[in-house]
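Top line first, the protein sequences correspond to chains B and S. For the first sequence, the positions run 8 to 714 when our numbering is used. For the second sequence, the positions run 2 to 181 when our numbering is used.
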Amino acid sequence: MTQFQVKEGVKNLHHDGEKLITTHCCYCGMQCGMHIRLEEKTGKVVGVEPRYDWPVTMGKMCPKGVTAYQTVDHEERITKPLIKKNGEFVESSWEEALDVIEKNYKELQNKHGKNALSVFGGVSMTNEKCYLVGKYARVALGTRYLDYNGRFCMSSAAGGFLQTLGTDRGSTLPWPELEHTDCFFMAGSNTAECHPTSIQWFWRARDKGAKMIVADPRETPTARIADVHLDLKPGTDSALANGMLHLLIREGYVDEEYVNSRCNNYEEMKENVKSFTPEYTSEITGISVEKIIKAAHLYGQSQRSVVMFARGAEQQSKGVNNVRLYTSMALVRGQIGKFASGVATFTGQGNGQGGREHGQKSDLLPGYRKLTDPEAVKYISGVWGIEPEEMPEPGVSAFEMFDEIQAGRIRAMHVICSNPAVSAPHTEYVWDSFKKLDFMVVSDFFLSETAEFADVVLPAVTWAEDEGTTTNLEGRVIHIRKVKDPIGESKPDWEIMKLIAERMGRGKFFNYNNPKEIFEEFRVATKGGKADYYGITYDRIDKEDGVFWPCPSEDHPGTPTMFKEEFGTPDGKANLAVVGWEEADETPSKEFPHILTTGRVVFHYLSGSQTRRTKFLMEQCPVPYVEIHPELASQYNLVNNDKVKLTTPRSAMELDVRLTKAIRKDTVFVPYHWGKELAVNQLTNPALDPTSRMPEFKVCAVKIEKI
Amino acid sequence: MNKIMYLEFERCIGCRSCQAACRECGGHDAKERNYVEYVDFMESRQTYPMLCMQCQDPACARVCPANAIQITEEGVVLSAMEEKCIGCRNCTFGCPFGIPKFDFEENKMYKCDMCYDRTQHDIAPMCASVCPSDAIRFIDFEEIQALRRRRTQMNLIEGKKPTEQDKWQYVPEFFGVYSD
């Protein structure tokens, strides 16, 4: 019969012959707590049970979380290495696959130098793996060309936070405090679909009377519940934030004492926002004057407020400016460093936070150390056991790597846990770049769209088959437990990198037997850096429900609330943003008269490589579509389910029409989780933010034609 | 069973987590027995979860010619008993909420049984456990009363307009306003 496990007064159902293994979801930055049901007899993952004792989500899961376990023993998993022979993939042994890799890597390096190789990482993996990818590229392959898909996701937030606050931690407060917040200002975040389990906190706060302001071109399920929905034109976030700052100053909502003692540039900012009157702001953003004023009053009058933003504001060629301005809104109200208030970005990928701190970025070393800082290079070289001179110089950002391929400087690429054939902008250019490579290796557990271009595909494992830590969107370092042994001959990424390093004659630097040993080295590597994980251990994470970084020593309690006393800048003061508003890189023209914006749906995750293989999720949303306002649709005589051709200066694709009034009349929306001819990123603009090098996924000009 | 299912439609974010979770409940054979509907897709993204109301006098059971639909002591209306069900689909026509569905391959009806294997031990059904926005809850009757009281107060403070939308104009004055 069934038996019950009681923890903190909440029962969990235990099925006979099964073990419940406590871990976290593999998808977004919420990293919801869950139990995985493992059948003891067969060693197979058979289901999921809620985990009520996890303080961030308390048993809540979105449909992706509920079905996440189904990818573990999925029939389409790659279980043996694959080598492309005459255009077809053929199963091979590990020895044979490694032989091919070694031969090609060495030949290319002998002919074109070490920088002929490149590594393209991802952040849907553990801190241990992310750390090792940086070390693998720089020590095993010795190449400067290393970057990761966080450039498509988090780097504008990172750049904005670094400039204003001096330290980039996605959230300055722990999520459970949101319950006590009075006002939420959210920009470019469809939380209800992208981080659904956050919604409980907003509702809890709203039950107590909290207000919610949402800036989004669409009336998403998040915007629907807002007190004020600021339906801005895509690409005008800077104008909106400047307009809000103008009103906050004009109406006397500025916390003068806080600003004077803890912020720089206040006078300059005051001068800068003078012209952003509600009327001028309305003219640029398309939001009514009344709504802007109402939003400023609601936000200004609240005692504890949180400014939140996500990809809508960040995936723009001025994303860093948007982040700086929105963060300044929290600063002028004196909200950062206090209980239940602050600023936060929603991490898209599972380990978007941890993954960007530990040296996968072309210019960063573990612990947020800069590759251009000789002291940092010396320290990390010491940890790795190499000479500082051996450390490669900074490379280029993710999208720019494709330019390097086109220019013939990068000849081989190893893609780890990423699917840029779907997730990069202007995908046709990316596909063409992959074809130009002399040699390509992909480690993944499904044959993704990117893997199809590869010469060798190495079978990696899912999150349930490996141990490690991730850092969730709060900055809380958590423990991912190994649920079962890898399927078939698949191996964890750390083991794959170790094997290749051995073949490249660098095995002595990768002498690990398990992820815990990597974590121990990684702790030391982060010691003294901005993202200091030194005091965090597996034991502490389990005992304390995760530990917040920075945590410089084992007796340090961790840092749930950031910037209580001072900011991470050299003078300890925050830098208010003094930036105006600039048009998006591509604006509507006579030929391309409308705006295209992209985003997620709740049923899919990023490039869809996993969720498109999950039956329930695929049933709910099998193909992409285009959302069009009925008034815009009437211009083209469109009704629901008609087919249209969308064309941008880069490419064209065909989509089904969904009419809805929940979108601006000048904007159309397409979700981005599909590959090949269904990939909306064929159309998106690869214009990069000058600081973060993040592409402008969220705005481009588009033409609509009825088919 | 000491707890009750409580639905708050306005909170629903349309994620269909409840449907995915329903498939995970024991004995559901990977078929969901609850549904999420749009109020009006053209107008807004407002959705609502549709669960079996576990009627006191259930139409599905009343129209069943074979007495195949059993009701437990606690009032939970179960799926049709396999050995009794004759596959006439009266229950699917009789239910005003469209909850019972018919499996033509297996030739039997299936419907939400409030996860009786869980709820009889006061463990929340999967749908209520995972619902990210608390639109579906499995809570004590007293808790429901308190929620309703709080809602009344909030409605008064907010002038009965918790959101920007004008949905209240479609609702009669007396509807949706709870009193103690």
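Think of the CB as a built atom: it goes at the ideal place given N, C-alpha and C, for glycine as much as any other residue. All figures in this text were calculated on a predicted structure; none of them were measured in a lab.
Does any residue of chain S bring its CB to less than 8 Å from the CB of residue i?
{"i": "B/P181", "result": "no"}
{"i": "B/K442", "result": "no"}
{"i": "B/F623", "result": "yes"}
{"i": "B/E703", "result": "no"}
{"i": "B/T227", "result": "yes"}
{"i": "B/G177", "result": "no"}
{"i": "B/K67", "result": "yes"}
{"i": "B/V633", "result": "no"}
{"i": "B/V609", "result": "yes"}
Which residues in chain B sit within 9 Å of residue i, going by Cβ to Cβ distance?
{"i": "S/G95", "result": "Near S/G95 there are no residues of chain B at all, since even the closest Cβ is about 27 Å away, more than 9 Å."}
Please state the DSSP three-state secondary structure of residue i.
{"i": "B/V55", "result": "strand"}
{"i": "B/P183", "result": "helix"}
{"i": "B/G157", "result": "helix"}
{"i": "B/R3", "result": "No information on residue 3 of chain B is available, as it lies outside the stretch 8 to 714 that chain B covers here."}
{"i": "B/K218", "result": "strand"}
{"i": "B/T674", "result": "strand"}
{"i": "B/S388", "result": "helix"}
{"i": "B/R418", "result": "coil"}
{"i": "B/Y545", "result": "helix"}
{"i": "B/V296", "result": "helix"}
{"i": "B/T604", "result": "strand"}
{"i": "S/R90", "result": "coil"}
{"i": "S/G104", "result": "Contrary to the premise, residue 104 of chain S reads as Asp rather than Gly in this sequence. Strand."}
{"i": "B/F610", "result": "coil"}
{"i": "S/E84", "result": "coil"}
Using beta-carbon positions only, say whether residue i and residue j come within less than 8 Å of one another.
{"i": "S/P66", "j": "S/I137", "result": "no"}
{"i": "B/T477", "j": "B/G361", "result": "yes"}
{"i": "B/L480", "j": "B/S282", "result": "no"}
{"i": "B/G475", "j": "B/N111", "result": "no"}
{"i": "B/P241", "j": "B/T604", "result": "yes"}
{"i": "B/P629", "j": "S/C16", "result": "no"}
{"i": "B/M721", "j": "B/Q322", "result": "Coverage of chain B is limited to positions 8 through 714, which leaves residue 721 of chain B absent and any answer about it impossible."}
{"i": "B/A347", "j": "B/L172", "result": "no"}
{"i": "B/A431", "j": "B/N688", "result": "yes"}
Excluding the 5 residues flanking residue i on each side, which residues of the same chain have their C-beta closer than 7 Å to its C-beta?
{"i": "B/P285", "result": "G250, L254, V296, I299 and I300"}
{"i": "S/F60", "result": "The question names Phe, yet the displayed sequence has Ala at residue 60 of chain S. Within the same chain, S/A60 has close Cβ partners G95, C96 and P97."}
{"i": "S/C23", "result": "H29, E33, R34, N35, M127 and C128"}
{"i": "B/P595", "result": "H601, I602 and A708"}
{"i": "B/A230", "result": "V221, D223 and H236"}
{"i": "B/N426", "result": "S455, E456, T457, S614 and S616"}
{"i": "B/K325", "result": "S245, E589 and D696"}
{"i": "S/A69", "result": "A81, M82, K85 and C86"}
{"i": "B/M447", "result": "A419, M420, F441, F460, A461 and D462"}
{"i": "S/Q55", "result": "G76, V77, V78 and M115"}
Using a C-beta to C-beta distance shorter than 8 Å, which residues of chain B count as neighbours of residue i?
{"i": "S/V78", "result": "Residues of chain B passing the Cβ test: none, with the nearest at roughly 21 Å."}
{"i": "S/R151", "result": "D214"}
Using a Cβ-Cβ cut-off of 8 Å, state whether residue i counts as contacting chain B.
{"i": "S/L16", "result": "The displayed chain sequence assigns Cys, not Leu, to residue 16 of chain S. Yes, its Cβ sits closer than 8 Å to a Cβ of chain B."}
{"i": "S/A21", "result": "yes"}
{"i": "S/R119", "result": "yes"}
Between which residues of its own chain and residue i is the CB-CB distance below 6 Å, once the five residues before and five after are set aside?
{"i": "B/F529", "result": "Y138"}
{"i": "B/A686", "result": "V429 and T434"}
{"i": "B/Q367", "result": "G128, C137, V140, G141 and Y155"}
Going along chain S in order, which residues have a C-beta closer than 8 Å to the C-beta of residue i?
{"i": "B/M504", "result": "Neighbours of B/M504 on chain S: none; closest Cβ ~34 Å, over 8 Å."}
Which bits of chain S does residue i rub up against, with CB to CB less than 7 Å?
{"i": "B/I206", "result": "I14, P133 and S134"}
{"i": "B/G242", "result": "The premise fails here: B/G242 is roughly 23 Å from chain S at the closest Cβ pair, so nothing lies under 7 Å."}
{"i": "B/W210", "result": "R12, S134 and D135"}
So residue i contacts chain S; which residues on that side make the cut at Cβ distance below 9 Å?
{"i": "B/A199", "result": "I14, G15, C16, R46, P133 and S134"}
{"i": "B/T667", "result": "F42, M43, E44, S45 and R46"}
{"i": "B/Q627", "result": "R17, Q20 and A21"}
{"i": "B/P70", "result": "C16, R17, S18, C19, Q20, A21, A22 and V131"}
For a contact defined as C-beta to C-beta under 7 Å, what are the partners of residue i on chain B?
{"i": "S/E25", "result": "G54, V55 and V73"}
Tell me which same chain residues have a C-beta within less than 8 Å of the C-beta of residue i, skipping the five on either side of it?
{"i": "B/E573", "result": "R269, G579 and K580"}
{"i": "S/D135", "result": "E9 and R12"}
{"i": "B/P381", "result": "P395"}
{"i": "B/L624", "result": "P70, K71, T74, F610, H611 and T618"}
So is the beta-carbon of residue i under 7 Å away from any non-hydrogen atom of the ligand HEM?
{"i": "B/K215", "result": "Within the structure as shown, the ligand HEM is missing, as the structure has no ligands at all."}
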